[in-house]
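Participant:
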Amino acid sequence: MIVLPDNKKPGRTFVTNPSNAAPSNTAKHENDGAKAFDRRAILRGATALVATAMAASDAAARDYGRNAEPQRYPDPDIVVIDDKRFKAKVGNTAIKRLYTGCLWAEGPAWNAQGQYLVWSDIPANRQLRYLDDDGHISEQFHKPSNEANGSTFDFEGRQITAERTRLVRYEHDGTVTSLAEQANGKQLNGPNDMVVHPNDKSIWFTDPGYGAVSIYEGQRANTGSVQPYQKEAVYRIDAATGQITKVADEPFKPNGIAFSHDYKKVYVCDTGTTHYPNAKNIVWQYDLNGDKLSNPRTLIDMTLDGKSGFPDGLRVDIDGNIWVGAGWVGPGYDGVQVFAPDGARIGQILLPETCANLTFGGKKRNRLFMTASQSLYAVYVETKGAHNC
Numbered sequence: 067m068i069v070l071p072d073n074k075k076p077g078r079t080f081v082t083n084p085s086n087a088a089p090s091n092t093a094k095h096e097n098d099g100a101k102a103f104d105r106r107a108i109l110r111g112a113t114a115l116v117a118t119a120m121a122a123s124d125a126a127a128r129d130y131g132r133n134a135e136p137q138r139y140p141d142p143d144i145v146v147i148d149d150k151r152f153k154a155k156v157g158n159t160a161i162k163r164l165y166t167g168c169l170w171a172e173g174p175a176w177n178a179q180g181q182y183l184v185w186s187d188i189p190a191n192r193q194l195r196y197l198d199d200d201g202h203i204s205e206q207f208h209k210p211s212n213e214a215n216g217s218t219f220d221f222e223g224r225q226i227t228a229e230r231t232r233l234v235r236y237e238h239d240g241t242v243t244s245l246a247e248q249a250n251g252k253q254l255n256g257p258n259d260m261v262v263h264p265n266d267k268s269i270w271f272t273d274p275g276y277g278a279v280s281i282y283e284g285q286r287a288n289t290g291s292v293q294p295y296q297k298e299a300v301y302r303i304d305a306a307t308g309q310i311t312k313v314a315d316e317p318f319k320p321n322g323i324a325f326s327h328d329y330k331k332v333y334v335c336d337t338g339t340t341h342y343p344n345a346k347n348i349v350w351q352y353d354l355n356g357d358k359l360s361n362p363r364t365l366i367d368m369t370l371d372g373k374s375g376f377p378d379g380l381r382v383d384i385d386g387n388i389w390v391g392a393g394w395v396g397p398g399y400d401g402v403q404v405f406a407p408d409g410a411r412i413g414q415i416l417l418p419e420t421c422a423n424l425t426f427g428g429k430k431r432n433r434l435f436m437t438a439s440q441s442l443y444a445v446y447v448e449t450k451g452a453h454n455c
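Start counting at 1 in the sequence shown, then tack on 66, and there's your number in the numbering used here.
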């Protein structure tokens with residue numbers, strides 16, 4: 067989830083000046099963050115930024131409506147940039163819009179046992195569920211959801227969700243267990259996304275605090291800082307003891323998180339440009355050593371043709387490629403961007419809306435589900451998700 071800047075100027079809204087060097091983690095985070103933002107004002111800038119491009123493309127805009135004509139194969143919005151490295155495009159399939167009507171769709175997670183997808187509509191304070199057997203949508207699967215954002219399922223099939231104020235787990239008997247509400251002796255800013263390690267069942271989650279800087283998607287903390295209660299960070303919960311440990315705080319605002327396909331690395335999206343002038347739209351890479359992270363560095367720079375959008379959520383396939391939900395730039399950029407393990411961009415899935423997050427699901431784990439602004443999209447790919455959810 068991201069909350070967008072209030073004082074960005076039109077024409078500069080989505081363009082940064084990324085470098086290959088990772089930004090430093092210093093006390094200036096707090097000073098830089100004095101300029102707080104919200105999503106509504108930046109949307110006005112976004113409208114001005116992409117109006118020309120949108121007007122030019124309206125005549126040929128793709129119709130995702132129920133009565134739309136079938137899409138001719140191959141789908142032109144599945145873009146191969148490097149045909150030697152991007153082998154996931156299926157020539158005889160198309161991107162489908164499964165649902166629309168959300169305010170801000172986020173946090174998709176696949177339940178393999180139940181064969182369903184759950185995702186969040188944050189401002190509407192609900193979670194929805196898509197049933198794979200007949201395509202049925204439960205529009206109020208969890209309501210109220212405490213303005214929930216990201217979700218996952220652990221290796222016992224229990225749903226873990228980042229609510230606005232805490233991280234929770236839905237137990238098999240229907241009760242809800244609070245896993246984390248505080249860290250470092252302070253209230254969490256607002257958890258966002260999480261993953262579970264298969265070996266020790268530890269839970270790794272991000273805490274950027276977007277739900278505490280916006281009325282639309284939460285409750286404003288009114289602490290006078292874009293760090294609502296403490297420095298934004300990545301945490302680990304020990305499955306045996308419940309102990310919460312900070313494992314990284316280099317990202318300005320850590321957002322999506324994923325393990326590499328071999329569990330040797332951890333990737334973290336940084337959407338700190340929403341609040342920090344010195345931040346970059348990048349994906350960080352860490353070495354994973356047991357219960358610790360080390361060697362932070364920039365793996366992915368989101369700049370494409372001189373424009374840079376937010377890397378919000380991400381997943382990894384069995385070949386180690388990294389699929390990143392991206393947007394706030396416009397046509398030709400917004401959707402999913404696919405990167406090789408070395409960070410090179412190799413493909414895109416273009417959507418008519420900003421894509422916040424994604425996950426692999428379906429019976430073969432070869433269907434990519436994408437939560438994009440108001441809608442849920444899906445497309446079959448010639449690969450599989452590396453992880454259970």
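All C-beta atoms, glycine included, are put in the ideal place defined by N, C-alpha and C. Fair warning: this is a prediction, and the values are worked out from it, not measured in the lab.
According to DSSP, what are the bridge partners of tryptophan 389?
Facilitator: As a position in the sequence shown, residue 389 is number 323, starting the count at 1. Bridge partners of tryptophan 389: Arg381 and Val404.
Participant: What ranges does the beta strand (DSSP E) occupy inside the segment 431 to 455, keeping only unbroken runs of at least 3 residues that lie completely in it?
Facilitator: 433 to 438 and 441 to 446, all fully within the segment 431 to 455.
Participant: Would you call the CB atoms of asparagine 344 and cysteine 335 closer than 8 Å?
Facilitator: Position 278 of the sequence shown, counted from the first residue, corresponds to residue 344. Position 269 of the sequence shown, counted from the first residue, corresponds to residue 335. Contact: no.
Participant: Specify the secondary structure class of glycine 277 as computed by DSSP and reduced to three states.
Facilitator: Your numbering for residue 277 matches position 211 in the sequence shown. DSSP places glycine 277 in helix when its eight states are reduced to three.
Participant: Where does the unbroken beta strand (DSSP E) through histidine 208 begin, and where does it stop?
Facilitator: Along the sequence shown, read from residue 1 onward, the residue named residue 208 stands at position 142. Per DSSP, histidine 208 belongs to the beta strand (DSSP E) from 203 to 208.
Participant: Please report the straight-line C-alpha distance between aspartate 315 and isoleucine 269, rounded to a whole angstrom.
Facilitator: The residue labelled residue 315 in the question sits at position 249 within the sequence shown. The residue labelled residue 269 in the question sits at position 203 within the sequence shown. Distance between the alpha carbons of aspartate 315 and isoleucine 269: 17 Å.
Participant: Are the CB atoms of leucine 380 and valine 404 nearer to each other than 8 Å?
Facilitator: By one-based count along the sequence shown, residue 380 stands at place 314. By one-based count along the sequence shown, residue 404 stands at place 338. No, Cβ-Cβ distance for leucine 380 and valine 404 is not below 8 Å.
Participant: Where DSSP assigns a beta bridge to phenylalanine 221, which residues make up the other side?
Facilitator: Here residue 221 is taken as the residue at index 155 of the sequence shown, counted from 1. The partner list for phenylalanine 221 (beta bridge, DSSP) is empty, contrary to what the question assumes.
Participant: Who are the Cβ neighbours of glutamate 237 in its own chain at under 7 Å, not counting the five residues just before and after it?
Facilitator: As a first step, residue 237 must be located in the sequence shown, where it is residue number 171. The residues are Arg224 and Thr243.
Participant: Strictly by DSSP, which residues pair up with aspartate 353?
Facilitator: For the purposes of this step, residue 353 is identified with residue 287 of the sequence shown, where counting begins at 1. For aspartate 353, which the question treats as bridged, DSSP gives the partners Lys331 and Ser360.
Participant: With arginine 411 and leucine 370 assumed to form a contact (beta carbons below 8 Å), what rounded beta-carbon distance in angstroms separates them?
Facilitator: By one-based count along the sequence shown, residue 411 stands at place 345. By one-based count along the sequence shown, residue 370 stands at place 304. Arginine 411 to leucine 370, Cβ: 7 Å. Contact.
Participant: To the nearest angstrom, how far is the alpha carbon of valine 445 from that of arginine 433?
Facilitator: Here residue 445 refers to the residue found at position 379 of the sequence shown. Here residue 433 refers to the residue found at position 367 of the sequence shown. Rounded to the nearest angstrom, the two C-alpha atoms are 6 Å apart.
Participant: Quick one: residues in its chain with C-beta nearer than 7 Å to the C-beta of alanine 178, no 5 flanking neighbours on either side, listed in chain order?
Facilitator: On the sequence shown, residue 178 is found 112 positions in, with the first residue counted as 1. So the qualifying residues of the chain are Asn454.
Participant: Just confirm the distance between the C-beta atoms of asparagine 255 and glycine 284, as a whole number of angstroms; I'd bet it's less than 8 Å.
Facilitator: Residue mapping note: residue 255 aligns to position 189 of the sequence shown, counting from 1. Residue mapping note: residue 284 aligns to position 218 of the sequence shown, counting from 1. Their Cβ separation, rounded to whole angstroms, is 10 Å, which puts asparagine 255 and glycine 284 out of contact at 8 Å.
Participant: With 16 as the cutoff for other CB atoms within 10 Å, does alanine 127 come out buried or exposed?
Facilitator: One-based indexing of the sequence shown puts residue 127 at position 61. Classification of alanine 127: exposed, given that the 10 Å Cβ count is below 16.
Participant: To which residues of the same chain is phenylalanine 435 closer than 6 Å at the C-beta, ignoring the five residues directly before and after it?
Facilitator: Position 369 of the sequence shown, counted from the start, is the residue given in the question as residue 435. For phenylalanine 435, where only same-chain residues beyond five positions count, the Cβ hits under 6 Å are Pro174, Leu183, Thr425, Gly427 and Ala444.
Participant: What is the rounded straight-line gap between the Cα of leucine 442 and the Cα of aspartate 129?
Facilitator: Indexing the sequence shown from 1 puts residue 442 at position 376. Indexing the sequence shown from 1 puts residue 129 at position 63. For leucine 442 and aspartate 129, the distance between alpha carbons rounds to 15 Å.
Participant: Whole angstroms are fine: how far does the CA of threonine 307 sit from the CA of isoleucine 161?
Facilitator: Taking the sequence shown and counting its residues from 1, one reaches residue 161 at position 95. Taking the sequence shown and counting its residues from 1, one reaches residue 307 at position 241. Cα to Cα, isoleucine 161 sits roughly 43 Å from threonine 307.
Participant: Rounded to the nearest angstrom, what separates arginine 363 and histidine 202 at their Cα positions?
Facilitator: Here residue 363 refers to the residue found at position 297 when the sequence shown is read from its first residue. Here residue 202 refers to the residue found at position 136 when the sequence shown is read from its first residue. Rounded to whole angstroms, arginine 363 to histidine 202 spans 42 Å at the Cα level.
Participant: Taking the C-alpha atoms as reference points, what is the distance between asparagine 361 and glycine 409?
Facilitator: By 1-based counting over the sequence shown, the position of residue 361 is 295. By 1-based counting over the sequence shown, the position of residue 409 is 343. Straight-line Cα distance between these residues: approximately 16 Å.
Participant: Who are the near neighbours of glycine 338 in its chain, counting only those whose CB is closer than 7 Å to its CB and skipping five residues on each side?
Facilitator: By one-based count along the sequence shown, residue 338 stands at place 272. These residues qualify, in order along the chain: Pro317, Phe318, Lys319 and Ala345.
Participant: Quick check on DSSP: helix, strand or coil for threonine 166?
Facilitator: The residue labelled residue 166 in the question sits at position 100 within the sequence shown. If DSSP states are grouped into helix, strand and coil, threonine 166 belongs with the strands.
Participant: Thinking C-beta only, is threonine 289 closer than 8 Å to tyrosine 301?
Facilitator: Counting from one through the sequence shown, the residue named residue 301 turns up at place 235. Counting from one through the sequence shown, the residue named residue 289 turns up at place 223. Result no, Cβ atoms of tyrosine 301 and threonine 289 do not sit closer than 8 Å.
Participant: Can you tell me the Cα-Cα spacing of glutamine 309 and glutamine 206, whole angstroms?
Facilitator: On the sequence shown, position 243 is the one that residue 309 refers to. On the sequence shown, position 140 is the one that residue 206 refers to. The alpha-carbon atoms of glutamine 309 and glutamine 206 are separated by roughly 33 Å.
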